[in-house]
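Engineer: Residue numbers (the numbering used here): 58 to 393.
Just so you know, even glycine gets a beta-carbon here, dropped at the ideal spot from N, CA and C.
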Amino acid sequence: MISSTIDGKVIEQLRTLVEGAKHIVITCHVSPDGDAVGSTLGLCRVLRNMGKDAHVVMPDRMPRALDFVDVQHEVVPYSKYKLRGRFLVREADLIFCLDFNVLRRIDELGAIIEESRAPRVLIDHHLEPDDCFDVKISQEHASSTCELVYRVLMQLGWTQAIDSQAASCLYVGITTDTSNLTYSSNDPELYEIVAQLLRYGIAKEQLYNLAMNTYSADSLRLQGYALDQKMQLYPDKHAALIVLTLDELEHYGYKKGDTEGLVNKPLAIPGIAFSTFIREDKDKIKVSCRSQGDLDVNVICKRYFGGGGHKNAAGGDSHGTVDETLDTYFKILETL
Ligand code: 5GP
Ligand code: MN
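1) May I ask whether a heavy atom of the ligand MN can be found less than 8 Å away from the beta carbon of GLY230?
2) Contact between the region 246-262 and the region 65-79: three or more CB pairs below 8 Å?
3) Run the proximity test for ALA93: is its beta-carbon closer than 8 Å to any non-hydrogen atom belonging to the ligand MN?
4) Considering only C-alpha positions, which residue in the set LEU279, SER332 and TYR240 is nearest to LEU298?
5) Looking only at C-alpha atoms, which of GLY366, LYS322 and LYS261 sits nearest to LEU284?
6) Mind the definition here: the region 205-225 touches the region 78-87 only if three or more C-beta pairs lie below 8 Å; say whether that holds.
7) Could you please give the first and the last residue of the uninterrupted beta strand (DSSP E) stretch that includes SER276?
8) Return the residue from the list VAL133, LEU160, SER136 and VAL178 that minimises the CA-CA distance to ILE152.
9) When you compare only the Cα positions, how much space is there between ASP191 and ASP110?
10) Cβ of ALA175 within 9 Å of Cβ of VAL209?
11) So is MET58 buried or exposed if we call it buried at 16+ other beta carbons inside 10 Å?
12) Does the region 95-110 come close enough to the region 121-133 to have 3 or more Cβ pairs within less than 8 Å?
13) Entirely within the region 77-148 and at least 3 residues each: give me those beta strand (DSSP E) ranges in chain order.
14) How about LEU227 and GLU204: do their beta carbons lie closer than 9 Å?
15) On the CB-based measure, 16 or more other CB atoms within 10 Å of its CB, does ASP181 come out buried or exposed?
Rendered as structure tokens:
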């Protein structure tokens, strides 16, 4: 039995908004991962099955590795198709914001959404959501936004609009954000949700392989190099650090998504409880942190890198040089 974890009044508010909406835009955070892509495309498919004119507009391109989720090749990346993205947001009479908690996280698209008078619905599982949403469904203990989308549809009584394509999208998000039901997945009800998704005929093994275990040769070589040559261990701090510079990334033909999951790897070493990956991008430095146990990397990323996330998985940006970012990192180590 899957219980109703979302407030009944919120669900009724949402029902009224969706029933009254003709044009719906669904968006997610920058550098979308499997949960962001799965939840937006899954919800979009369901809303279309209900006769709504729904569109997914993302702040930037999704990694090619996730193209398989976008069966109809319909995602509009705002960074590439600004006119189309702006048109869709302006036309929308309802906007869903999935898998992120603050409009700042969606770059330029955030400003366009702020200008819109359409009500904004948040469905998310990150800590400390903004106040700028008209309907807020934010549950930090949920495994994934995809789980929450399923729960929302269940409470609305709209699961008949789910089909195998929508169910596949939702499964991709659940498997991504729990690392194939490893962490954030101790709620027995999650397995009941997965059981329901299986009943829609999803190809579970194939989805796992595509979402979690498919890498280009370049990406595997880059990860091998990073672990062999670039991983630093600070055993007295239980910490591991990997830094990849632009030159190194370019040498391996880096494409968006190629280092996905790398930051988790050092946590496999007994005694390592804090792993950090610093990646030099063209316009900024991306910092990803993972922890095991009590260390709250959400607090660290918020304080030092203007970011956030979850207690054991968070990220942020640094706008200085790699060396300046490293100075900050060693300052953090001193506090541990
Ligand atoms: P990752 O390290 O894989 O990029 O992100 C880990 C988690 O932290 C994800 O849940 C992601 O949404 C969140 N996160 C990553 N970067 C940022 C950021 O810059 N700001 C905020 N608020 N959350 C982030
Ligand atoms: Mn997520």
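Structural biologist: The answer reads as follows:
1) At least one heavy atom of the ligand MN is nearer than 8 Å to the Cβ of GLY230, so yes.
2) For the pair of segments examined, the region 246-262 was found not to touch the region 65-79: the number of CB pairs separated by less than 8 Å stays below three.
3) At least one heavy atom of the ligand MN falls within 8 Å of the beta-carbon of ALA93.
4) Closest option to LEU298, Cα to Cα, is SER332.
5) Of the candidates GLY366, LYS322 and LYS261, the one whose C-alpha sits nearest the C-alpha of LEU284 is LYS322.
6) The region 205-225 is not in contact with the region 78-87.
7) Element bounds for SER276: not the beta strand (DSSP E) but the alpha helix (DSSP H), 274-282.
8) Between ILE152 and the set VAL133, LEU160, SER136 and VAL178, the nearest pair of CA atoms involves VAL178.
9) Between ASP191 and ASP110, the alpha-carbon positions lie close to 21 Å from each other.
10) No, the Cβ-Cβ distance between ALA175 and VAL209 is not below 9 Å.
11) That one is exposed.
12) Yes, since at least three Cβ pairs between the region 95-110 and the region 121-133 fall closer than 8 Å, the two stretches touch.
13) Listed in chain order, the complete beta strand (DSSP E) runs (minimum 3 residues) inside the region 77-148 are 80-85 and 110-115.
14) Yes, the Cβ-Cβ distance between LEU227 and GLU204 is below 9 Å.
15) Answer is buried; the Cβ neighbour count reaches 16.
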